[in-house]
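Single-structure report; data block below.
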Amino acid sequence: MVAPLTSQRRAELPALLPGWTVVEGRDAIARTFRFRDFVEAFGFMSRVALLAEKQDHHPEWFNVWNRVEVVLTTHDAGGLSERDVMLAQAMDALVATVGGP
Ligand code: H2B
């Protein structure tokens, strides 16, 4: 079992992850990434997949051409945990180098 995010940490989320929103009706966060084309979008997904596997923490995501819609939550915590914050920050850092929004 993974510890859920504390309420103090939740209050920090907007500042920590400004590009992300809280999903309505779920304890999860979401962000839509847009790229120049499919190859860039898929390149991003490939990099994230390797990270996710290393962290043993996997995104829910949906891709159409240049768009990647990501939802993060921790199934083992029944909601958000520090693992989601870490993966979201890693994705944000990746788009800064791969290109994107
Ligand atoms: N990913 C996500 N998003 N949440 C989890 O709770 C989770 C995961 N648990 N990836 C991992 C795998 C778990 O199922 C394995 C057994 O460690």
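FYI, in the working numbering the residues of the sequence shown are 1 to 101.
Beta carbons: idealized from backbone N, C-alpha and C, even for Gly.
Proximity of the beta carbon of Asp27 to the ligand H2B is not indicated: no heavy atom of the ligand is located closer than 7 Å. The beta-carbon distance between Thr21 and Ala15, rounded to whole angstroms, is 14 Å. This is too long to meet the 8 Å contact definition. Between Val23 and Val95, the gap from beta carbon to beta carbon reaches 8 Å or more. With 5 Å as the limit between CB and the heavy atoms of the ligand H2B, the residues that fall short of it are Asp56, His57, His58, Thr74, His75, Asp76. Boundaries of the beta strand (DSSP E) around Ala30: 29 to 34. Residue range 38 to 55 is occupied by the alpha helix (DSSP H) that includes Glu53.
Residue burial is scored here from C-beta neighbours: Leu50 has fewer than 16 other C-beta atoms within 10 angstroms and is therefore classed as exposed. The three-state secondary structure of Thr97, taken from DSSP, is helix.
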